[in-house]
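First the structure, in the form of structure tokens, and then the observations on it.
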């Protein structure tokens, strides 16, 4: 319904009108100061979207943080910890934390990066905690609509589903109107068909394939393809599972069965096929404890243009000089 013109969407039209009015009222109350926005006192980059569902924010957050580290900054990652069961906040994600406890994205980012990752549904409090840890830039994973947290830079990530049918929730997939895109610093498109001409293009570059149980057991993509020439089962619990399956096809990895799961699916041993299996890295962090020896994941990294990196560093330099 959200990504086509199915007539059933009109049943939700009255609720969409109400949602739109409440969204505008909430933004207005923040604008006039009735609802308070608090800033942690260090630059804040928010990486989010205007639609529901996953579309590639985590690789962008990871790459932005790495750029900042390379430029001499001390960034910290802030996340709500969606899907995790942690109840004490702010929580500094530790290597021993499970994805079930802190959420799959925070667990993944903490395993990939050397900088602190903190989860807190009250993002201002989490940002203050990162500041206390010595961070001088906050990179917020999601939270574009969390206006209680002051921010200096906003990036929106979109994929080929773009804005769907263009309607607000629940009639469509949008959390905010399309015109909100005109107010952000950058639009990053993860796919082939950008919504706007000035969007920064992002591609996900596959690097190697790692064993889920033993992260040190690594195969090149060519070696994996040869070892499993008879085919593997692929599974994905991300916002758009077909994107992962298409990637495997483009890598000429033979997939005998593709199993899509909902985004943030809480995997159990019963979900895993008995034979050779390949999954996303985001799913792998949730399966480490019970994966069998023939479970693998594809490691990918975001390929983003240097012009986006330059824009980020220039903006931070402007903030520092004011």
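Numbering (my numbering), first residue to last: 1096 to 1417.
Note that CB positions come from ideal geometry on N, CA and C, so glycine has one too.
Among residues of its own chain, excluding the 5 on either side of residue 1408, which ones have a beta-carbon nearer than 7 angstroms to its beta-carbon?
1166
Leaving out five residues on either side along the sequence, give the residues of the same chain with a beta carbon under 6 angstroms from the beta carbon of residue 1141.
1235, 1238, 1239, 1246 and 1249
Given residue 1382 as reference, the closest of 1275, 1195 and 1113 once Cα atoms are compared:
1195
Would you mind reading off the limits of the alpha helix (DSSP H) that contains residue 1157?
1152–1165
Looking at the structure shown, is residue 1384 part of a helix, part of a strand, or coil, going by DSSP?
coil
Beta carbon of residue 1299 nearer than 8 angstroms to that of residue 1395
yes
Segments assigned beta strand (DSSP E), at least 3 residues, entirely inside the stretch 1322–1359:
1327–1331 and 1350–1355
Spatial distance of residue 1214 from residue 1172 (CA atoms)
8 angstroms
Residue closest to residue 1118, alpha-carbon to alpha-carbon, out of 1282, 1335, 1265 and 1372
1265
Is residue 1129 buried or exposed, if buried means 16 or more other CB atoms sit within 10 Å of its CB?
exposed
Would you mind stating whether residue 1327 and residue 1351 have Cβ atoms separated by less than 8 angstroms?
yes
In the DSSP assignment, what residue or residues form a beta bridge with residue 1249?
1141
Measuring alpha carbon to alpha carbon, tell me which of 1275, 1132 and 1347 ends up nearest residue 1323.
1347
Reduced DSSP category for residue 1296 - H, G, I as helix; E, B as strand; rest coil:
strand
Count Cβ pairs between the stretch 1333–1346 and the stretch 1383–1392 that sit closer than 8 angstroms; are there 3 or more?
no
Residue 1222 and residue 1233 look like a contact to me (Cβ under 8 angstroms); what is the Cβ gap, rounded to whole Å?
5 angstroms
Looking only at its chain, what residues have a beta carbon closer than 7 angstroms to the beta carbon of residue 1178, apart from the 5 residues adjacent to it on each side?
1198, 1199 and 1359
Beta-carbon spacing of residue 1392, residue 1305 below 8 angstroms:
yes
Rounded to a whole number of angstroms, what is the C-alpha to C-alpha distance between residue 1185 and residue 1202?
15 angstroms
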